[in-house]
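Worksheet: one structure, shown below.
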Amino acid sequence: MTLKEKIHKFIHGEKGDEDKVTGNEFFIKFIYTLIILNIISIILASYKDVRNEYAGFLEYFEMFSVVIFTIEYILRLWTADLFYKGKTAFTKRKNFIFSSYAIIDLLAIMPFYLPLLFPFDLRFVRILRLFRLLRIFKIGRFSKSFETIKNVLKETKEELSITVFISFIFLIFSSTLMYYVESEAQPEKFENIGQSLWWSVATLTTVGYGDVYPITGLGKFISGVIALIGVAFVALPTGIISSAFINKIQKDRKNAESKKCKNCGCEV
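Numbering (our numbering), first residue to last: 4 to 271.
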């Protein structure tokens, strides 16, 4: 077994099936722990007292984390030809680079390197630090829950697209209608359709912030009707995802049960 194959086995486990990542247990736990500690570090750094007292430690921990995540990214890129499908090694590595997990991995370490390479404005550097939060999504590479959610969204893509499109149309229609009904009574609140759109979103999603609301009789009536439609219709995507999620879990359980021996209960 070559060095590349050993590293590939350490990162991905015994199987090289990109539909089922079964990585090395120690490696998974180490990356999991490091990601969680990074999120805790980001939260603690937002406290002024903690940031001032432990600035050195937080900085060294950030450097250590970035080094580990960078090495992980490079090793995954190097061994991508053993994991991803493609005709050539270049194609396989390209598939890795443009995969969702690889993009998240790159964005998670990029804020550390960019200020060293380019003289950015400090305000832009602070914005870049937000990308560090993407490290929490690295957990998705090893989490079965993330994989299940991703599969559910794929399976319900068409249904969700239809409901989102119709919801968008209804948002535009309701905001336009309310603009013509309320603009004369409240020119500062319903000055244009763009401002009315904020009211429409808050009403259809039943959030109701209360900063923009109709005051005319007709406006109140239309608002009530739109709110009721919002409860019934905008909640459709939630129902679609929930139903697909339950079906997916039941299907996985049946598959798992079918692989077990009926006599001893061990996996066949």
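No residue lacks a Cβ here, since even glycine has one placed at the ideal position from N, Cα and C. If you're wondering where the values come from, they're calculated on a predicted model, not measured in any experiment.
Backbone CA spacing between residue i and residue j [nearest angstrom]
{"i": "S102", "j": "F171", "result": "29 angstroms"}
{"i": "Y35", "j": "I142", "result": "6 angstroms"}
{"i": "F115", "j": "E62", "result": "11 angstroms"}
{"i": "V24", "j": "H15", "result": "Low confidence applies here, because V24 scores a pLDDT of 46, under 50, leaving its location unreliable and the question unanswered by this model."}
{"i": "S177", "j": "K157", "result": "30 angstroms"}
{"i": "A58", "j": "E65", "result": "11 angstroms"}
{"i": "F140", "j": "L200", "result": "32 angstroms"}
{"i": "K192", "j": "I169", "result": "26 angstroms"}
{"i": "K32", "j": "M4", "result": "25 angstroms"}
{"i": "K257", "j": "I218", "result": "55 angstroms"}
{"i": "V70", "j": "D52", "result": "27 angstroms"}
{"i": "I45", "j": "N98", "result": "31 angstroms"}
{"i": "N55", "j": "G242", "result": "47 angstroms"}
{"i": "F67", "j": "K254", "result": "42 angstroms"}
{"i": "I244", "j": "L119", "result": "43 angstroms"}
{"i": "L180", "j": "A235", "result": "20 angstroms"}
{"i": "L117", "j": "L80", "result": "20 angstroms"}
{"i": "E187", "j": "F224", "result": "17 angstroms"}
{"i": "E161", "j": "V237", "result": "16 angstroms"}
{"i": "E75", "j": "L40", "result": "17 angstroms"}
{"i": "I272", "j": "E260", "result": "Any answer about residue 272 is impossible in this case: the structure gives the chain only from 4 up to 271."}
{"i": "K18", "j": "K12", "result": "Because the pLDDT at K18 is just 49, under 50, the model does not fix this residue reliably, and the point stays unresolved."}
{"i": "Q198", "j": "Y104", "result": "37 angstroms"}
{"i": "A48", "j": "F149", "result": "28 angstroms"}
{"i": "I100", "j": "I152", "result": "22 angstroms"}
{"i": "E8", "j": "G89", "result": "17 angstroms"}
{"i": "T82", "j": "F60", "result": "33 angstroms"}
{"i": "Y182", "j": "S246", "result": "37 angstroms"}
{"i": "F29", "j": "I252", "result": "27 angstroms"}
{"i": "F93", "j": "Y216", "result": "57 angstroms"}
{"i": "L110", "j": "G233", "result": "36 angstroms"}
{"i": "L163", "j": "Q189", "result": "35 angstroms"}
Cβ separation of residue i and residue j, assumed to be a contact under 8 angstroms, to the nearest whole Å
{"i": "G227", "j": "V184", "result": "Actually they do not touch by this definition, with Cβ atoms about 13 angstroms apart."}
{"i": "T166", "j": "L239", "result": "5 angstroms"}
{"i": "T206", "j": "I229", "result": "5 angstroms"}
{"i": "K95", "j": "D84", "result": "4 angstroms"}
{"i": "L174", "j": "S203", "result": "5 angstroms"}
{"i": "F86", "j": "V155", "result": "With 8 angstroms as the limit, F86 and V155 do not qualify as a contact, their Cβ atoms being about 24 angstroms apart."}
Cβ-based burial, residue i [other Cβ within 10 Å; buried from 16]
{"i": "F121", "result": "exposed"}
{"i": "I106", "result": "exposed"}
{"i": "N195", "result": "exposed"}
{"i": "G213", "result": "exposed"}
{"i": "N250", "result": "exposed"}
{"i": "L6", "result": "exposed"}
{"i": "F72", "result": "buried"}
{"i": "I77", "result": "exposed"}
{"i": "T91", "result": "exposed"}
{"i": "G220", "result": "exposed"}
{"i": "I112", "result": "buried"}
{"i": "I43", "result": "exposed"}
{"i": "Y50", "result": "exposed"}
{"i": "I38", "result": "buried"}
Limits of the alpha helix (DSSP H) - the one that residue i falls within
{"i": "T159", "result": "Taken as a continuous stretch (DSSP letters only), T159 belongs to no alpha helix (DSSP H), as it is neither H nor E."}
{"i": "K9", "result": "L6 to H15"}
{"i": "N27", "result": "That residue, N27, is in no alpha helix (DSSP H); it is neither H nor E in DSSP."}
{"i": "V228", "result": "G220 to I232"}
{"i": "D108", "result": "S103 to L120"}
{"i": "D52", "result": "K51 to E56"}
{"i": "L207", "result": "I196 to L207"}
{"i": "F86", "result": "Premise fails: F86 is in no alpha helix (DSSP H) and is neither H nor E."}
{"i": "K95", "result": "A92 to I100"}
Chain B contact for residue i (CB, 8 angstroms cutoff)
{"i": "Y57", "result": "Protein chain content of the structure displayed is limited to a single chain, and chain B is not contained in it."}
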